[in-house]
Amino acid sequence: MNIVLKRRCIIKKSKLIAVITLISFWALAFTAQITGLNSPFDFIINLAVSIMILAHLVEYLMVRTRLAKTGRSKIYNFLAVLFFGVVYWKPILSDQESNQN
31 MNIVLKRRCI IKKSKLIAVI TLISFWALAF TAQITGLNSP FDFIINLAVS
81 IMILAHLVEY LMVRTRLAKT GRSKIYNFLA VLFFGVVYWK PILSDQESNQ
131 N
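Its first residue numbered 31, the sequence shown is counted upward by one per residue in the working numbering.
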């Protein structure tokens with residue numbers, strides 16, 4: 031039992047770290063668009079943002095039908111996957127699968 035509690039604690043901490051990292055990434059991207067950084071940093075950040083948006087769009091297309099079954103708003107699901115990706119949808123779909131079994 032103690033091992034299970036430790037594992038849950040580690041999972042919660044890693045999810046928190048992932049969320050903080052993603053929020054920081056999007057804040058940096060937003061700041062870069064507003065202020066404009068030096069030339070090489072601007073290019074690198076824009077490239078990273080473009081790759082991240084493309085990856086999350088593909089990710090959303092892959093899971094949108096399963097997310098629609100959860101009863102949440104399509105727009106909310108889209109924005110959450112766009113910003114947080116797998117950190118958002120993986121726990122939801124895992125809970126949904128465990129409830130079906």
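Glycine included, each C-beta is placed from N, C-alpha and C at the ideal position.
Extent of the continuous alpha helix (DSSP H) run through residue i
i, result
"residue 124", "116-130"
"residue 80", "69-98"
Short Cβ contact (8 Å threshold) for residue i with residue j
i, j, result
"residue 96", "residue 123", "yes"
"residue 52", "residue 114", "yes"
"residue 89", "residue 116", "yes"
Option nearest residue i by Cα separation, candidates the options
i, options, result
"residue 85", "119, 112 and 45", "112"
"residue 79", "55, 93 and 117", "55"
"residue 60", "76, 81 and 106", "76"
CB-CB length for residue i against residue j, believed under 8 Å
i, j, result
"residue 99", "residue 126", "7 Å"
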